[in-house]
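**Q** Shown below is the structure under consideration.
What follows is the structure, given as structure tokens:
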């Protein structure tokens, strides 16, 4: 983790929106080698049958530079965020949202 005290909005956006290449694995499937790739947030929402963009819209609406009232993302970042690869950090973020919006904010803040 970096020292966030000297970072501005563009620093945050640049680091996060650049994305991360997710892991891949080549496995045999019906006699053919197939490369399986990590899902993007949008793909996972579709696979799970969830309303598209829900998680991404929550990220856009709730991600602030720590200690400020400045949002990091804007609506124009929707497509870029949708195409980020799924990661353990996104899983933790989703768990946080699930806990926070289940009504127990104190437990959500501890995670």
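Residue numbers (this note's numbering): 1 to 111.
Every residue, glycine too, gets a C-beta built ideally from N, C-alpha and C.
For residue 68, name the three-state secondary structure that DSSP assigns.
**A** Locating residue 68 in the chain shown gives position 68, counting from the first residue. Note: residue 68 maps to coil in three-state DSSP.
**Q** At the level of alpha carbons, what is the spacing between residue 81 and residue 15?
**A** The residue you call residue 81 lines up with position 81 of the chain shown. The residue you call residue 15 lines up with position 15 of the chain shown. For residue 81 and residue 15, the distance between alpha carbons rounds to 12 Å.
**Q** Rounded to the nearest angstrom, what separates residue 40 and residue 87 at their Cα positions?
**A** Walking along the chain shown from the start, residue 40 turns up at place 40. Walking along the chain shown from the start, residue 87 turns up at place 87. Between residue 40 and residue 87, the C-alpha separation is close to 9 Å.
**Q** Is residue 117 buried or exposed, if buried means 16 or more other CB atoms sit within 10 Å of its CB?
**A** Outside the shown range of the chain, which is 1 to 111, sits residue 117, and nothing can be said about it.
**Q** Using a 10 Å radius around the Cβ and a threshold of 16 neighbouring Cβ atoms, would you call residue 111 buried or exposed?
**A** In the chain shown, the residue the question calls residue 111 occupies position 111. Any answer about residue 111 is weak, because its pLDDT of 48 lies below 50 and its placement is not dependable; what the coordinates show is given next. Per the 10 Å Cβ criterion, exposed.
**Q** What does the alpha-carbon distance come out to for the pair residue 100 and residue 37?
**A** Reading the chain shown from its first residue, position 100 is the one you call residue 100. Reading the chain shown from its first residue, position 37 is the one you call residue 37. The straight-line gap from Cα to Cα measures roughly 30 Å.
**Q** Kindly identify the DSSP beta-bridge partner or partners of residue 34.
**A** Numbered from its first residue, the chain shown carries residue 34 at position 34. Residue 34 is bridged to 27.
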